[in-house]
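**Student:** Residues 1 to 437, numbered by UniProt numbering, are exactly what the sequence shown covers, in order.
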Amino acid sequence: MSQPGSSNHSGYMHTIIKQIGRKGFIGELPPFCATEDFDSYLSAKTIEKRQAILKNQSRYEFSEISQNEKFGIAHIKFLRKMVDEGYNKHFRCLEEYLGFYTPPQRRILISKNLTLNQYSPFPAYSDIEGETLDNLRIPPHLTFIYIDRNIINPDKEPLLTMTLDMGNKEENIIRCDCCEKGVVNCYENPNCRCYQLNKRIQEFQLKRDEPPTEFNSFSPILFTHTNDYFWRCIGFSCSSSCSCKGHCSNNTFFMIDRKLFPFEMYRNDPLMGFLLRSPVFIPAGTPLMEFTGEVMDHVRKPNVDYAYQVTIGTDTKLKELVKEQPFTEQYQDLLKRIMNRNFHIDPTYFGNIGRMAGHSCYPNLEVVRVYKRSLSPAHARLIMISMTDIYPGTPLTIDYGKIYEERLSEICRCGSFSCPQGHHEELKNLNFLNVNT
Ligand SMILES: C[S@@+](CC[C@H](N)C(=O)[O-])C[C@H]1O[C@@H](n2cnc3c(N)ncnc32)[C@H](O)[C@@H]1O
Numbered sequence: 001m002s003q004p005g006s007s008n009h010s011g012y013m014h015t016i017i018k019q020i021g022r023k024g025f026i027g028e029l030p031p032f033c034a035t036e037d038f039d040s041y042l043s044a045k046t047i048e049k050r051q052a053i054l055k056n057q058s059r060y061e062f063s064e065i066s067q068n069e070k071f072g073i074a075h076i077k078f079l080r081k082m083v084d085e086g087y088n089k090h091f092r093c094l095e096e097y098l099g100f101y102t103p104p105q106r107r108i109l110i111s112k113n114l115t116l117n118q119y120s121p122f123p124a125y126s127d128i129e130g131e132t133l134d135n136l137r138i139p140p141h142l143t144f145i146y147i148d149r150n151i152i153n154p155d156k157e158p159l160l161t162m163t164l165d166m167g168n169k170e171e172n173i174i175r176c177d178c179c180e181k182g183v184v185n186c187y188e189n190p191n192c193r194c195y196q197l198n199k200r201i202q203e204f205q206l207k208r209d210e211p212p213t214e215f216n217s218f219s220p221i222l223f224t225h226t227n228d229y230f231w232r233c234i235g236f237s238c239s240s241s242c243s244c245k246g247h248c249s250n251n252t253f254f255m256i257d258r259k260l261f262p263f264e265m266y267r268n269d270p271l272m273g274f275l276l277r278s279p280v281f282i283p284a285g286t287p288l289m290e291f292t293g294e295v296m297d298h299v300r301k302p303n304v305d306y307a308y309q310v311t312i313g314t315d316t317k318l319k320e321l322v323k324e325q326p327f328t329e330q331y332q333d334l335l336k337r338i339m340n341r342n343f344h345i346d347p348t349y350f351g352n353i354g355r356m357a358g359h360s361c362y363p364n365l366e367v368v369r370v371y372k373r374s375l376s377p378a379h380a381r382l383i384m385i386s387m388t389d390i391y392p393g394t395p396l397t398i399d400y401g402k403i404y405e406e407r408l409s410e411i412c413r414c415g416s417f418s419c420p421q422g423h424h425e426e427l428k429n430l431n432f433l434n435v436n437t
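1. Jot down the residue ranges of each uninterrupted alpha helix (DSSP H) in the stretch 162 to 235, minimum 4 residues, whole runs only, in chain order.
2. Classify residue 494: buried if its beta carbon has 16 or more other beta carbons within 10 angstroms, exposed otherwise.
3. Given 7 Å as the limit, tell me if F274 has its C-beta closer than that to any heavy atom belonging to ligand 1.
4. Can you give, in chain order, each stretch of the alpha helix (DSSP H) that sits fully within the stretch 374 to 423 and has at least 4 residues?
5. Taking 7 Å as the cut-off, is the beta-carbon of Y146 closer than that to any non-hydrogen atom of ligand 1?
6. Using 8 Å for Cβ pairs, my map puts R175 next to Q205. What's the rounded Cβ distance?
7. Just how far apart, CA to CA, sit K18 and L260?
8. When we look at the beta-carbon of I411 and count the other beta-carbons within 10 Å, is it buried (16 or more) or exposed?
9. To which residues does DSSP link V370 through a beta bridge?
10. Could you please give the first and the last residue of the uninterrupted beta strand (DSSP E) stretch that includes L321?
11. What number of angstroms, rounded off, separates the C-alpha of L382 from the C-alpha of M356?
12. Could you tell me whether the Cβ atoms of I221 and G285 are closer together than 8 Å?
13. Which residue's Cα is closest to the Cα of F215: F253, P123, V183 and S418?
14. Taking L335 as the reference, which of T311, I353, G354 and N352 has the closest Cα?
15. Could you say which of T394, R413 and V367 lies nearest to Y229 if we only look at CA atoms?
16. Could you give the DSSP three-state label for F122: helix, strand or coil?
17. Anyone know if the C-beta pair for D346 and Y404 falls short of 8 Å?
18. Does ligand 1 have a heavy atom nearer than 7 Å to the CB of D346?
19. According to DSSP, which residues form a beta bridge with I282?
20. Helix, strand or coil: how does DSSP classify I256 here?
21. Beta strand (DSSP E) containing R267: first to last residue?
22. Which same chain residues, not among the five before or five after I147, have their C-beta less than 8 Å away from its C-beta?
23. Report buried or exposed for K372, applying the criterion of at least 16 other Cβ atoms within 10 angstroms of its Cβ.
24. For the alpha helix (DSSP H) that E294 lies in, which residues bound it at each end?
25. May I ask whether a heavy atom of ligand 1 can be found less than 7 Å away from the beta carbon of R355?
26. Quick one: grab the DSSP three-state call for Q105.
27. Taking K156 as the reference, give the member of K317, M387 and V295 with the closest Cα.
28. I'd like the list of long-range same chain contacts for residue 471, defined as Cβ closer than 8 Å, with 5 residues on each side in sequence excluded.
29. Is the stretch 388 to 397 close to the stretch 274 to 285, with three or more CB pairs under 8 Å?
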């Protein structure tokens, strides 16, 4: 992983609503049926319509989610075309994604819940043929400490810790007080300070014919281009420090906090180790999870495959934006020093399921930066968003970036048609955008 910007593609406040097991919620909103309502919820144009959909629901289930033709018709057509043209001969995986996901009949449940938190249970399975309870080996990299929020070790990163503390002080914090009750409309509210910043950061994106990628709570996040895009594609969200408490349309974490998807970790290839998938359908543009870990600037050798770079010291546009903010002089000085460094989020010892996403040369997730409360590296967070419709059982993958390409491309086992290990020279530089057009 590591340097997303140079590649070709590119616990925070407790959850607003607490999920009880997999059956219901307690909290301010009534429960929500992912099976029937997600589709209409995502396509509802106004916040009032969405609230009405939420209000009418009394159930919350995943098990019945089936293949949704409406969302997936273009993708299915594309896959069928590939199969008809015989491309799948060389792909290990293409054909099986056309159908429903049925878990392997023989599998070993290694852990019922890696998070040890009843509100977000993620199981881990071994699906390796021939593996039995007697010869099962649990690798050390499965024994990381599960965290919902990024952490900073004050001994290793004293300056960054100071930045976090100073940024959260009343005089420096970026918060809005434009709206108060229920799910409110901060997005597109010209009086919302957080939305203004969110919009301002959009200007960092490349000027092209396409509209910029927008970050809000309810509309799908649709990427218009991916090349060298990571450093420019940033969001700013309302938080629990705002009067809306982040319970608004300007919060990219809104769906993530609801933990809608029952992800599972599995391994079926000893060389690739554990990977991640969802047994239910995921529509394109859905923010799925945060990628959490320890924020640091020196990632040691064995950890580079896990760590993801989150800030870049040469980010002049962001530095300019920081200078415009009404922060105290002391905080501005500190930011000036700290923003020259490259920070990473290293999930090797402390992390969440985000660290289990495998690499693919044709990935289905994009990782982007979203800030809350401030613009310091300590306030930057990484979220993973589906770039395309993802069918039940499909591995969730990201592009590990240039370092991976250089170091591991000869042993890449992603099996995608644009993999350098494949046999299709002409397909090597494809990403989901140039496939769809
Ligand atoms: C971020 S970790 C992913 C989780 C890891 N599989 C585990 O079990 O902890 C990166 C490691 O996963 C494996 N991996 C991920 N994607 C791969 C791919 N496309 N081909 C080969 N190995 C891959 C490599 O061993 C790589 O060093």
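Glycine included, each C-beta is placed from N, C-alpha and C at the ideal position. This one's a predicted model, so the numbers in the text were calculated from it and none came from an experiment.
**Tutor:** The answer reads as follows:
1. Runs of the alpha helix (DSSP H) inside the stretch 162 to 235: 193 to 202.
2. Any property of residue 494 remains undetermined from this structure, which presents the chain solely from 1 to 437.
3. Distances between the C-beta of F274 and the heavy atoms of ligand 1 include at least one below 7 Å.
4. 402 to 408
5. no
6. With 8 Å as the limit, R175 and Q205 do not qualify as a contact, their Cβ atoms being about 24 Å apart.
7. Any reading at K18 is ruled out, since the residue's pLDDT is 30, under 50, leaving its predicted position unreliable.
8. I411 is exposed by the Cβ-count criterion.
9. G235 and R381
10. Run containing L321: none in the beta strand (DSSP E); it sits in the alpha helix (DSSP H), T316 to E324.
11. 14 Å
12. yes
13. The shortest C-alpha separation from F215 is found at F253.
14. T311
15. V367
16. coil
17. no
18. no
19. Its beta-bridge partners are I390.
20. helix
21. E264 to R267
22. G11, T292, G293, F350, G351 and N352
23. buried
24. Taken as a continuous stretch (DSSP letters only), E294 belongs to no alpha helix (DSSP H), being part of the beta strand (DSSP E) at E294 to M296.
25. yes
26. Secondary structure at Q105: coil, using DSSP grouped into helix, strand and coil.
27. V295
28. Within the shown structure, residues of the chain are numbered from 1 to 437, placing residue 471 beyond reach of any answer.
29. yes
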